[in-house]
Amino acid sequence: MKAIELTDQDDPRSLALVETDTPQLQDGEVLVKVHAAGVNRGDLLQARGHYPPPPGASEIIGLECAGIIEDPGTTGREKGEEVACLLAGGGYGEYVAVPEGQLMPIPEGYSLTEAAAVVEVACTVWSNLGMLAGLREGQTVLIHGGAGGIGTFAIQLCKQLGATVAVTAGSAEKLETCRELGADILINYKEQDFSEELTGRCDIILDIMGAKYLKQNLRSLAEDGQLIIIGLQGGVKTEINLGALLPRRLTVRGTTLRARSLEGKAEVVRSTVENVWPLLADGRVRHHIHATFPLSEAAAAHELLDSGEVTGKLVLEA
55 MKAIELTDQD DPRSLALVET DTPQLQDGEV LVKVHAAGVN RGDLLQARGH
105 YPPPPGASEI IGLECAGIIE DPGTTGREKG EEVACLLAGG GYGEYVAVPE
155 GQLMPIPEGY SLTEAAAVVE VACTVWSNLG MLAGLREGQT VLIHGGAGGI
205 GTFAIQLCKQ LGATVAVTAG SAEKLETCRE LGADILINYK EQDFSEELTG
255 RCDIILDIMG AKYLKQNLRS LAEDGQLIII GLQGGVKTEI NLGALLPRRL
305 TVRGTTLRAR SLEGKAEVVR STVENVWPLL ADGRVRHHIH ATFPLSEAAA
355 AHELLDSGEV TGKLVLEA
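Residue numbers (the working numbering): 55 to 372.
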């Protein structure tokens with residue numbers, strides 16, 4: 055098959071479509087012919103050598119896709135079935151082997167390309183805000199990077215759950231996108247210190263920045279507040295005064311989706327389909343695709359995502 059690979063390990067932009075081996079199925083896996091694959095910041099990190107796949111997973115980049123089952127293997131699924139897939143790797147190829155528990159139906163009314171744009175963000179947002187934090191009506195949620203793939207999805211889901219949504223973004227245009235999606239509190243992080251606006255107001259913070267924002271995030275949390283760190287774009291090390299956590303009973307959690315066990319991912323997939331897919335089907339939450347590229351132009355898609363000019367998701371079409 056053809057797949058995207060780095061042709062120069064020292065150049066993260068050296069992504070080329072090359073011939074490689076078609077995946078061999080393990081028990082409980084299906085072979086999916088990929089129609090489209092979402093582009094995620096984790097893909098950029100992997101290309102730079104900073105986010106390797108878990109042991110045993112495909113070395114090919116790509117954390118989500120949608121396509122058609124080519125070989126059901128031992129699963130009892132049907133050849134020709136359209137599916138969306140949560141992956142530990144392999145999305146940037148013509149075919150990918152997928153554990154059955156990580157298959158999702160195509161949301162009603164969605165094309166395969168549209169489905170490929172929502173798998174990773176839906177599973178990430180729901181597993182952290184719905185399953186882990188227990189977001190409920192009336193709470194206030196702060197979402198960093200509100201105009202990105204995670205952010206645009208999280209805004210909509212939080213509003214559907216009855217939350218007040220605050221966001222940070224780096225331009226008036228991106229903040230306007232957030233407002234159109236339902237965000238209530240808009241903060242330009244280049245001009246404002248979000249913690250001054252939100253001191254003691256946030257029940258949950260979904261953070262992609264890590265060290266850079268830790269102190270401000272803690273100042274922004276309300277009593278019993280939860281900080282959920284899912285990215286480290288702002289660094290991995292900082293110092294905090296632990297005394298700031300105790301009086302307000304604050305919780306700091308770090309999570310990732312890719313490194314979970316097969317059973318853990320299957321549970322996330324099941325719960326996401328049960329709780330989020332109906333919102334996609336009736337349009338209460340919708341995909342937000344910024345642009346699509348042919349698979350052969352993966353390098354251009356990575357360059358665009360890295361530029362910071364993307365609102366929503368980028369998708370590669372095979």
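Even glycine gets a Cβ: it sits at the ideal position worked out from N, Cα and C.
Quiz prompt | Separation of G288 from G254, as counted between CA atoms | solution = Within the sequence shown, the letter at position 200 stands for residue 254. Within the sequence shown, the letter at position 234 stands for residue 288. Going by the C-alpha atoms only, they are around 22 Å apart.
Quiz prompt | Span of the beta strand (DSSP E) around A57 | solution = Residue mapping note: residue 57 aligns to position 3 of the sequence shown, counting from 1. First-last of the beta strand (DSSP E) with A57: 56-60.
Quiz item: Buried or exposed: Q63, going by 16 or more other Cβ atoms within 10 Å of its Cβ?
Solution: As a working mapping, residue 63 is identified with position 9 in the sequence shown. Q63 is exposed by the Cβ-count criterion.
Quiz prompt | Nonlocal neighbours in the same chain, by C-beta distance under 7 Å from E73, ignoring five residues either side | solution = By 1-based counting over the sequence shown, the position of residue 73 is 19. Taken in chain order, the residues that qualify are K56.
Self-check item: Spatially closest choice to A237 from K266, S225, V195, by CA coordinates
Solution: Counting from 1 along the sequence shown, the entry for residue 237 is found at position 183. Of the candidates K266, S225, V195, the one whose C-alpha sits nearest the C-alpha of A237 is V195.
Quiz item: For C119 versus L141, is the C-beta spacing smaller than 8 Å?
Solution: Position 65 of the sequence shown, counted from the start, is the residue given in the question as residue 119. Position 87 of the sequence shown, counted from the start, is the residue given in the question as residue 141. Yes, these two residues count as a Cβ contact at 8 Å.
Quiz item: Between S315 and E250, what straight-line distance do the alpha-carbon atoms span, to the nearest angstrom?
Solution: Walking along the sequence shown from the start, residue 315 turns up at place 261. Walking along the sequence shown from the start, residue 250 turns up at place 196. Distance between the alpha carbons of S315 and E250: 39 Å.
Exercise. Could you spell out where the alpha helix (DSSP H) holding Q214 opens and where it closes?
Key: Numbered from its first residue, the sequence shown carries residue 214 at position 160. Counting along the chain, the alpha helix (DSSP H) containing Q214 begins and ends at 203-214.
Quiz prompt | Whole-number beta carbon distance between I123 and G143, since they are thought to touch under 8 Å | solution = Taking the sequence shown and counting its residues from 1, one reaches residue 143 at position 89. Taking the sequence shown and counting its residues from 1, one reaches residue 123 at position 69. With a Cβ gap of about 19 Å, G143 and I123 do not count as contacting.
Quiz prompt | Run of the beta strand (DSSP E) containing T346, from where it starts to where it stops | solution = Translated into the one-based positions of the sequence shown, residue 346 becomes position 292. Unbroken beta strand (DSSP E) run through T346: 343-348.
Exercise. Assign V290 to one of two classes, buried (16 or more other C-beta atoms within 10 Å of its C-beta) or exposed (fewer than that).
Key: Taking the first residue of the sequence shown as 1, we reach residue 290 at position 236. Burial call: exposed.
Self-check item: Beta-carbon gap between A91 and A208 smaller than 8 Å
Solution: For the purposes of this step, residue 91 is taken as residue 37 along the sequence shown, with counting starting at 1. For the purposes of this step, residue 208 is taken as residue 154 along the sequence shown, with counting starting at 1. Their beta carbons are not under 8 Å apart, which means A91 does not touch A208 by this criterion.
Quiz prompt | Residue from V175, Y243, R302 with nearest C-alpha to K228 | solution = Counting from 1 along the sequence shown, the entry for residue 228 is found at position 174. Nearest C-alpha to K228: Y243.
Quiz item: Nearest to K266 by CA position, among Q246, A276, E293, S350, is which residue?
Solution: Taking the first residue of the sequence shown as position 1, residue 266 is located at position 212. Among Q246, A276, E293, S350, the Cα nearest to that of K266 is on E293.
Self-check item: Boundaries (first-last residue) of the alpha helix (DSSP H) holding G121
Solution: If you number the sequence shown from 1, residue 121 lands on position 67. Per DSSP, G121 belongs to no alpha helix (DSSP H); it is in the beta strand (DSSP E), 118-125.
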